[in-house]
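Using this note's numbering, the first residue of the sequence shown is number 138, and each one after it goes up by one.
The structure appears below as structure tokens.
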Amino acid sequence: MVMLALSMFIGVFAYGDQVLGYRDPDGMVQLALLATFVFGIICGTKLRG
138 MVMLALSMFI
148 GVFAYGDQVL
158 GYRDPDGMVQ
168 LALLATFVFG
178 IICGTKLRG
């Protein structure tokens, strides 16, 4: 499951503008994706521990 989430994140992070068609000249969408992924990892490890 972790590998699926990681591969989906990398795909959307790298090719999301082409696949989903959004325009992101300042990189704010990629920053939001990165922050969401990192916060998900933090919350997941806190729930497990």
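C-beta: ideal position from N, C-alpha, C; glycine also.
Give me, in chain order, the residues of the same chain whose beta-carbon lies closer than 7 Å to that of D161; leave out the 5 immediate sequence neighbours on both sides.
As a working note, residue 161 is residue 24 in the sequence shown. D154, Q167, listed in sequence order.
Could you spell out where the alpha helix (DSSP H) holding M145 opens and where it closes?
To locate residue 145, count along the sequence shown from 1; it is residue 8. Here the alpha helix (DSSP H) through M145 covers 139-157.
Rounded C-alpha distance that separates V139 from F150:
Residue numbering aside, residue 139 sits at position 2 when the sequence shown is read from its first letter. Residue numbering aside, residue 150 sits at position 13 when the sequence shown is read from its first letter. Taking the straight line from one Cα to the other gives about 16 Å.
Mind reading off the beta-carbon distance from F146 to F176? Whole number of angstroms is fine, and I expect it under 8 Å.
Residue 146 sits at position 9 when you count from the first residue of the sequence shown. Residue 176 sits at position 39 when you count from the first residue of the sequence shown. Actually they do not touch by this definition, with Cβ atoms about 12 Å apart.
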